[in-house]
Amino acid sequence: MKKPVLILMMSSILVFSGVIFHVEKFEIFAQTEDEKDSNLVSISEIFKDVQGSVVQITRENQPTSNDAPGDENVTSLGSGFVFDNQGRIITNHHVVRDSKDVDVTFIDGNRYVASVIGSDPFNDIAVIDITQNISGQLNPLRLGNSSAVEVGDQVIAIGNPYGLAGSMTVGIVSQKGRLISTEGSAFSIPSVIQTDALINPGNSGGPLINVNEEVIGMNTAGVLSDSGSFSGIGLAVPSNTISKIAPVLISKGNYTHPWLGIS
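Quick note on numbering: our numbering labels position 213 of the sequence shown as 478, and the sequence is numbered without any gaps.
Below, the structure is given as structure tokens:
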């Protein structure tokens, strides 16, 4: 009789242990889900905090002499973000190229005229200035330290792809220190941030934001596949480049790059 009792006791312990195991496993799973929910909430809160500082930029492209008679102006769309309380906005050079004035629309629908006050085609950075005095209504975004960015860091891209205002995509920093060439120039932009956050036409000039609500880059290009779809490679001008060049563009209108060579 002793042997059956021992077997019964061992079976009871195993069953009880199994209950403990499943409970512990459930608790761990529940914690993971809570962490996910908390993470999603934090991203949602980040978007709510910063969306009012991201703008849509519209400009009319005048028909060229090569266009057919009757061709209408073509509207180009891009994005930008509030740089300071004086109404200055950062965007890409290619978004406002060859323009003196552009239209700026905030997420609440308010629309203003802005003048291009400085541009650096080599780093694809431009500064525009809202002509109307709305300084008390602006919330500038903070520029973070792009040198501190690590591969795997979570990032948020906000902009206006295809004119769809206030769109957000989420991804990670895929790599840093990329070097990309600028159109029509032998100059290359250094320290570019690569991300898998979706970047489509119209996102150019919008901010790439970290979880601390800091701008660590400005979305400048999305690499397309042969089929024309997003390839999972987005590129952003680093914030440290912006913080160096933007003040000079505001004060001088252009940025002089040092060149090495023989004349």
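Note that the Cβ used here is the ideal one computed from N, Cα and C, for glycine as well.
The three-state reading of DSSP puts VAL361 in helix, counting H, G and I together. The residue from THR485, VAL513, ILE510 with its alpha-carbon nearest to that of ILE423 is THR485.
The shortest C-alpha to C-alpha distance from PHE371 to any of PHE346, HIS359, SER364 is the one to PHE346. One thing to note: ILE515 has its Cβ no nearer than 8 angstroms to the Cβ of SER411. Spatial neighbours of PRO386 in its own chain (CB-CB distance under 6 angstroms, excluding positions within 5 residues in sequence) are listed in chain order as HIS358. Sequence-distant Cβ neighbours of PRO455 in its own chain, meaning closer than 7 angstroms and more than five residues away, are LEU444. Counting along the chain, ALA391 sits inside the beta strand (DSSP E) bounded by residues 390-395. Ranked by Cα distance from ARG407, the options VAL320, ILE498, GLU479 are led by GLU479. DSSP places LEU429 outside any alpha helix (DSSP H), giving it a letter other than H or E. C-alpha of ALA462 to C-alpha of VAL435: approximately 5 angstroms in a straight line.
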